[in-house]
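*Asks:*
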Amino acid sequence: REIGIRRALGAKKRDILMQFLAEASLLSMVGGIIGVALGWAIALGLSTAFPLPTRVTPGLVVAGLTISVFTGLVAGVFPARKAAHLPPIEALRYE
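Each residue of the sequence shown is one higher than the last, beginning at -10 in our numbering.
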């Protein structure tokens, strides 16, 4: 419904597309941060429980977050395109 209102008020297809992709990247970034934190906590726990060397390097953190955001963007492209091309009257019908 929000899409229909925005389109009726003059938002361009590109605006809707960019909003969806921004939301997808933000959500995947938050998920990536949570994943990195959990991974770090598990690595710390394993290193104290077992005599195995574990390291969480800045490079691994950056790689994990990059993969997370990229995956979120790829997964968000189809719904974003579908929402952007939805006619305003159709978007207003959905509740």
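The C-beta atom is built at its ideal place from N, Cα and C for all residues, glycine as well. Keep in mind the model is a prediction, meaning the values are calculated, not measured.
May I ask you to report which of helix, strand or coil DSSP gives F67?
*Replies:* helix
*Asks:* Would you call the region 72 to 79 in contact with the region -10 to 2, where contact means no fewer than 3 C-beta pairs closer than 8 Å?
*Replies:* yes
*Asks:* Can you give me the C-alpha to C-alpha distance between T60 and G21, rounded to a whole angstrom?
*Replies:* 10 Å
*Asks:* Looking at the structure shown, is A0 part of a helix, part of a strand, or coil, going by DSSP?
*Replies:* coil
*Asks:* Identify whether T60 lies in helix, strand or coil by the three-state DSSP scheme.
*Replies:* If DSSP states are grouped into helix, strand and coil, T60 belongs with the helices.
*Asks:* Under 8 Å by Cβ, that's how I've got M18 and L54 pegged, so tell me the actual separation to the nearest angstrom.
*Replies:* 7 Å
*Asks:* Please classify V25: does DSSP put it in a helix, a strand, or coil?
*Replies:* helix
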